[in-house]
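Protein chains: 2
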Amino acid sequence: MKYLAKMTITLRDGILDVQGKTVEHALHSIEFEMIENVRIGKYVVLEVEADSKKEARELVDSACSKLIANPIIEDYVITIE
Amino acid sequence: MKYLAKMTITLRDGILDVQGKTVEHALHSIEFEMIENVRIGKYVVLEVEADSKKEARELVDSACSKLIANPIIEDYVITIE
Chain V
1 MKYLAKMTIT
11 LRDGILDVQG
21 KTVEHALHSI
31 EFEMIENVRI
41 GKYVVLEVEA
51 DSKKEARELV
61 DSACSKLIAN
71 PIIEDYVITI
81 E
Chain F
101 MKYLAKMTIT
111 LRDGILDVQG
121 KTVEHALHSI
131 EFEMIENVRI
141 GKYVVLEVEA
151 DSKKEARELV
161 DSACSKLIAN
171 PIIEDYVITI
181 E
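Top to bottom, those sequences are chains V and F. The opening position of the first sequence corresponds to residue 1 in the working numbering, with each subsequent residue numbered one higher. The opening position of the second sequence corresponds to residue 101 in the working numbering, with each subsequent residue numbered one higher.
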C-alpha cells in the first residue's frame with residue numbers, strides 16, 4: 001500500500017540559524033519589527049510503498065536519519081497518512 | 101500578545117522540484133526504492149506580537165507573500181498558536 005509521509009525538519013535548539021536570522025533582519029527592514037525568533041527548517045513530502053503504516057514509518061525514519069536530515073544538528077517529526 | 105506562527109511552504113504542483121528529485125535519486129541509490137515523489141519545501145517558525153490571533157495571521161500572511169515565500173511558484177499554509 002502507498003502511504004503519504006510528511007516531515008518537518010528543524011534545527012535543534014541552540015544551533016545558530018543563520019538563514020532564520022537573515023530573514024528576520026530583512027523583515028525588520030520592511031517594517032515587520034513585530035516578528036521575532038524566525039527559525040527556518042525543511043518540509044519534506046514523499047510517497048512510500050509499505051505493507052503497514054508501522055513499516056512506512058520505520059522506512060521513512062530510516063531514510064530521514066540516513067540521508068534527509070542531519071540528526072546531529074536537526075530534529076524531525078514524521079506524520080504518516 | 102505573542103503568537104507562535106508555523107508555516108509550511110511548498111512548490112506548486114507542476115513546478116519541477118530539483119532538490120526533491122536529487123534526494124529521491126540518492127535514496128534509490130541506498131536501497132530506498134520504495135520511496136517516490138519526494139517534494140522538498142520550507143518550514144518556518146516565528147513569533148509575532150499582535151493584538152489578536154486574526155491580526156497575527158494577517159501580519160504573517162503579509163510577511164509570507166512579501167518576503168518569506170515566492171507566491172508565483174510556492175503555496176503556503178499558516179498555523180497560528
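We put the CB at the ideal spot given by N, CA and C, even for glycine.
Could you check if residue i is buried or exposed, using at least 16 other CB atoms within 10 Å of its CB as the buried criterion?
| i | result |
| --- | --- |
| Val127/V | Residue 127/V cannot be examined here, being either before or after the span of chain V that is shown, 1 to 81. |
| Val23/V | buried |
| Ile130/F | exposed |
| Gly114/F | exposed |
| Met7/V | buried |
| Leu111/F | buried |
Between residue i and residue j, what straight-line distance do the alpha-carbon atoms span, to the nearest angstrom?
| i | j | result |
| --- | --- | --- |
| Ala169/F | Ile178/F | 12 Å |
| Val144/F | Val44/V | 13 Å |
Taking residue i as part of the alpha helix (DSSP H), name the residues at either end of that continuous run.
| i | result |
| --- | --- |
| Arg157/F | Lys153 to Ala163 |
List the residues of chain B whose Cβ lies closer than 7 Å to the Cβ of residue i, in chain order.
| i | result |
| --- | --- |
| Ile68/V | Note that chain B does not occur in the displayed structure, where the protein chains are V and F. |
Could you tell me whether the stretch 150-160 of chain F touches the stretch 56-76 of chain V, using the rule of 3 or more Cβ pairs below 8 Å?
Touching, no.
Three or more C-beta pairs below 8 Å linking the stretch 142-153 of chain F and the stretch 31-47 of chain V:
With three or more CB-CB distances shorter than 8 Å, the stretch 142-153 of chain F counts as touching the stretch 31-47 of chain V.
In the stretch 134-152 of chain F, which residues sit with their C-beta less than 7 Å from some C-beta in chain V, listed in chain order?
Listed by position, the residues of the stretch 134-152 of chain F near chain V (Cβ gap below 7 Å) are Met134, Ile135, Glu136, Asn137, Val138, Arg139, Ile140, Gly141, Lys142, Tyr143, Val144, Val145, Leu146, Glu147, Val148, Glu149 and Ala150.
Going along the chain, which residues of the stretch 121-134 of chain F sit with their C-beta nearer than 9 Å to a C-beta in chain V?
Look at the stretch 121-134 of chain F: the residues with a C-beta under 9 Å from a C-beta of chain V are Val123, Glu124, Ala126, Leu127, Ile130, Phe132, Glu133 and Met134.
Using a Cβ-Cβ cutoff of 7 Å, what residues of the stretch 154-165 of chain F are near chain V? List them in chain order.
Residues of the stretch 154-165 of chain F with a Cβ closer than 7 Å to any Cβ of chain V, in chain order: Leu159 and Ala163.
Residues in the stretch 101-112 of chain F having any Cβ partner in chain V nearer than 8 Å:
Hits within the stretch, in order: Thr108, Ile109 and Thr110.
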